[in-house]
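**Q** Keeping their order, the protein sequence lines are chains A and B.
Per this note's numbering, the first sequence runs over residues 3 to 307.
Per this note's numbering, the second sequence runs over residues 6 to 188.
Pasting in a structure now, in structure tokens, and then I'll have a few things to ask.
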Amino acid sequence: MKKAYLLTFFFILFTASLLSAQEGDLLSLLGEEKTTDYTIATFKTNRIINGHSIENTAAGVLDFKISHRFSPVRQGVYDLFGLDGATLRIGFDYGITDRLMVGVGRSSHEKIIDGFAKYKLLRQSKGERNMPVTLSYLIDAQIKTIKFDDNNRENYFTSRVYYTHQLLIGRKFNDRLSLQLMPTVVHRNLTVSPDDKNDVLAVGIGGRIKITKRVALNAEYYYVPEGQIVGNYANSLSLGVDIETGGHVFQLHFTNSRDMTYKGFITETSEDWFFKNDEDRLLSGIRFGFNIARVFTIKKPKGLD
Amino acid sequence: MKKLMFVLAMLLAFGTSAFSQKFFTRDAKIKFNSDTPMEKIEGVNKSATCVLDAATGKMEWKVLIKGFLFEKALMQEHFNENYLESSKYPNATFSGAITDLNEVNFAKDGTYTAKVKGKMTIHNVTKDVETTGTIQVVGGNLEVQTNFGVACADYDISIPSVVKDNIAKEIKVMVNAVLKPMK
């Protein structure tokens, strides 16, 4: 009989231990869930300053762009430090899917109409799938619609057309720092002189440093190796600030480029940030500029209830 | 007498094991909304995880912040990047238990009201919370439903003064899940 008591005692103890679960134990019963965490918000918008960033406009979203570039600041107070000599670009970017976006725009300088398509080939991620960078491909076409200078010569429509191909390789290192590399080729059907190359190869580098949740500093530099463009030209350098509010991103910057189209700022930037003129005076080619982006949801995503 | 003790002991051991069933889900629906005259904010997560131990009433929830979907993509980006900082704190969790476990009969089909108390962790801040919900036992599954409020300030979610009128002081949260028995 004593054995029976002992047996039941142990039985009770056994079942009692089954009843006590520990903190955190329950969820661990489900086992490890394999997920991939795709990096978001590498940059605040789909442009760094003049050129594109690896960010895409989300599917069904319209991103309205207004940009201004002004004359050099050295023009002084009479011209309101260049503000009187404004050029503008108005553009509409649209996300077809989360990876494919398109856009159109028109600039006042040379009355250029531009259109582009950008596709995200690889997305930076960690977890089940590890990808160190986001890789996008951009194709941009620009058409100069301004009247030809000389109507006495044979002018071709194709002379108005320029193409740009770009690979955008970007990485969000952490919450604060994102960097991007942009190997680029700008194709000009018509060049200024026979010694100018039709295909100009350039390498761009850009990045941003986030200072607060809604403010970031960014920089963008496009280097054009020598031997491609005849005459004096400058590499485009831009430094700016991104300020994000609810629906807008305000990008305020200083740049030496007058144009907002690829063929313009990569191959036609004429003055460096600091240069010496013919009289050996030190001058600055710095201009002020800004981009404003405003997003509108056109097509609501499905499956939200 | 000894036989009675023996039988009683057996009953105790096996009697309680009838309720030692665990229930779980990997696609619980959690919806939250903030309605102000300035803006309407709503997010839905359809893949929250929950495990409930019917024997003790203990319950654990885990929700991936990046799993909340919004109508506006930019709102979703701001929610993750600026407000909840989901790259630093990827999940919101709850760990607690049903306090009035006797009120719920997991073995019998019916609708029961249950009080739940425990610790909620959002944005790396843990708070004691309490709510009431319903558990509907249907064909061996548990249909769980509850509503409660979450104050942004409680969890160190900072709202910039520019948009302080756009976000409600207390966010309404609605939970709907079907918990199935765990094998």
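All C-beta atoms in this analysis are idealised placements derived from N, C-alpha and C, irrespective of residue type, glycine included.
With a Cβ-Cβ cutoff of 8 Å, do L64/A and Y96/A count as a contact?
**A** Against a cut-off of 8 Å, the Cβ pair of Y96/A and L64/A comes out as a contact.
**Q** Counting only the same chain and skipping the five closest in sequence on each side, list residues whose C-beta sits under 7 Å from that of T263/A.
**A** So the list reads S109, I114, D116 and Q144, once near-sequence residues are dropped.
**Q** Can you list the residues of chain A that T193/B reaches, using a CB-CB cut of under 9 Å?
**A** Look at the range of chain B in this structure, 6 to 188, and you will see that residue 193/B is not part of it.
**Q** Starting from G266/A, trace the alpha helix (DSSP H) both ways and give me its first and last residue.
**A** Looking at the DSSP string, the run of the alpha helix (DSSP H) that includes G266/A is Y264 to T269.
**Q** Verify whether the separation of the beta carbon atoms of I288/A and F267/A is less than 8 Å.
**A** For I288/A and F267/A, no; Cβs fall outside 8 Å.
**Q** May I ask you to report which of helix, strand or coil DSSP gives D27/A?
**A** Of the three classes helix, strand and coil, the one that applies to D27/A here is helix, per DSSP.
**Q** Just how far apart, CA to CA, sit Q81/B and F73/B?
**A** Answer to the nearest angstrom: the Cα atoms are 8 Å apart.
**Q** Have a look at H250/A and E86/B and give me their C-alpha separation to the nearest angstrom.
**A** If you take the alpha carbons of H250/A and E86/B, they lie about 15 Å apart.
**Q** Does the contact criterion of 3 or more C-beta pairs under 8 Å hold for the region 121-130 of chain B versus the region 209-217 of chain A?
**A** The region 121-130 of chain B vs the region 209-217 of chain A: no contact.
**Q** Run through chain B and tell me which residues come within less than 8 Å of R216/A, C-beta to C-beta.
**A** Those are N87 and P165, listed as they occur along chain B.
**Q** Can you have a look at A156/B and say buried or exposed, based on whether 16 or more other CB atoms are within 10 angstroms of its CB?
**A** With fewer than 16 other Cβ atoms within 10 Å, it is exposed.
**Q** Between the region 174-183 of chain B and the region 29-41 of chain B, do three or more beta carbon pairs fall short of 8 Å?
**A** Touching, yes, given that three or more Cβ pairs across the two stretches are closer than 8 Å.
**Q** Check whether chain B comes within 8 Å of V297/A, counting only Cβ atoms and requiring the distance to be less than that.
**A** Closer than 8 Å: yes.
**Q** Buried or exposed: A112/B, going by 16 or more other Cβ atoms within 10 Å of its Cβ?
**A** Flag for A112/B reads exposed.
**Q** Using 8 Å as the Cβ pair cut-off and three pairs as the minimum, do the region 51-71 of chain A and the region 279-288 of chain A touch?
**A** Because the criterion of three Cβ pairs below 8 Å is not met, the region 51-71 of chain A and the region 279-288 of chain A do not touch.
**Q** Under a Cβ-count criterion, where at least 16 other Cβ atoms within 10 Å of its own Cβ denotes burial, should V149/B be classed as buried or exposed?
**A** Per the 10 Å Cβ criterion, buried.
**Q** To the nearest angstrom, how far is the alpha carbon of A23/A from that of T61/B?
**A** Confidence at A23/A is low in this model, with a pLDDT of 44, below 50, so its placement is unreliable and the value that follows should be read with caution. Each residue's alpha carbon lies about 8 Å from the other.
**Q** When you compare each of N220/A, E35/A, L169/A and F292/A to L183/A by their alpha carbons, which one comes out closest?
**A** Nearest of N220/A, E35/A, L169/A and F292/A to L183/A, Cα basis: L169/A.
**Q** Please specify which runs of the beta strand (DSSP E), each continuous and at least 3 residues long, are wholly inside the region 188-265 of chain A, giving them in chain order.
**A** Here the runs fully enclosed are 201-212, 217-225, 238-246 and 250-257.
**Q** How should T147/A be labelled, buried or exposed, when 16 other C-beta atoms within 10 angstroms of its C-beta is the threshold for buried?
**A** By the 10 Å Cβ count, T147/A comes out exposed.
**Q** Starting from H167/A, follow the beta strand (DSSP E) in both directions and report where the run begins and ends.
**A** Segment V163 to K174, the beta strand (DSSP E) holding H167/A.
**Q** Less than 7 Å between C-beta atoms, sequence neighbours within five positions excluded: which residues of the same chain meet that for L8/A?
**A** Cβ neighbours of L8/A beyond the five flanking positions: none.
**Q** According to the neighbour-count rule (16 or more other Cβ atoms, all chains shown, within 10 Å of its Cβ), is E1/A buried or exposed?
**A** No statement about residue 1/A is possible, as the shown extent of chain A runs from 3 to 307 and does not include it.
**Q** So, helix, strand or coil for E281/A, using DSSP?
**A** Here E281/A sits in coil by DSSP.
**Q** Note down the Cα distance separating S92/B from Q126/A, rounded to an integer number of angstroms.
**A** Distance between the alpha carbons of S92/B and Q126/A: 13 Å.
**Q** Starting from T247/A, find everything on chain B with Cβ-Cβ shorter than 8 Å and list it in chain order.
**A** Simply V167.
**Q** Run down chain A in chain order and give the residues with a C-beta less than 7 Å from the C-beta of F190/B.
**A** An answer regarding residue 190/B cannot be provided, because it is not within the stretch 6 to 188 covered by chain B.
**Q** Measuring CA to CA, which of T139/B, S166/B and V168/B is closest to V183/B?
**A** The shortest C-alpha separation from V183/B is found at T139/B.
**Q** Measuring only between beta-carbons, confirm whether V63/A sits less than 8 Å from chain B.
**A** So yes, V63/A belongs to the interface.
**Q** Hey, K77/B and T299/A: beta-carbon distance below 8 Å or not?
**A** A contact, by the Cβ cut-off of 8 Å.
**Q** Using a C-beta to C-beta distance shorter than 9 Å, which residues of chain B count as neighbours of D177/A?
**A** Those within 9 Å of D177/A in chain B are E86, E90, S92 and K93.
**Q** In chain A, what lies closer than 9 Å to A78/B by C-beta?
**A** The contacting residues are T59, A60, A61, G62, V63, G97, D100, V297, T299 and P303.
**Q** If the criterion is Cβ atoms closer than 8 Å, does the pair N237/A and Y225/A meet it?
**A** Contact: yes.
**Q** Please name the residues in the region 182-216 of chain A whose beta-carbon is closer than 9 Å to at least one beta-carbon of chain B, in chain order.
**A** For the region 182-216 of chain A, which is checked against every Cβ of chain B, the residues closer than 9 Å are K215 and R216.
**Q** Closest to D39/A by C-alpha separation, out of G291/A, F277/A and N132/A, would be which residue?
**A** Cα-wise, what sits closest to D39/A is N132/A.
**Q** So for D133/B, helix, strand or coil by DSSP?
**A** Strand.
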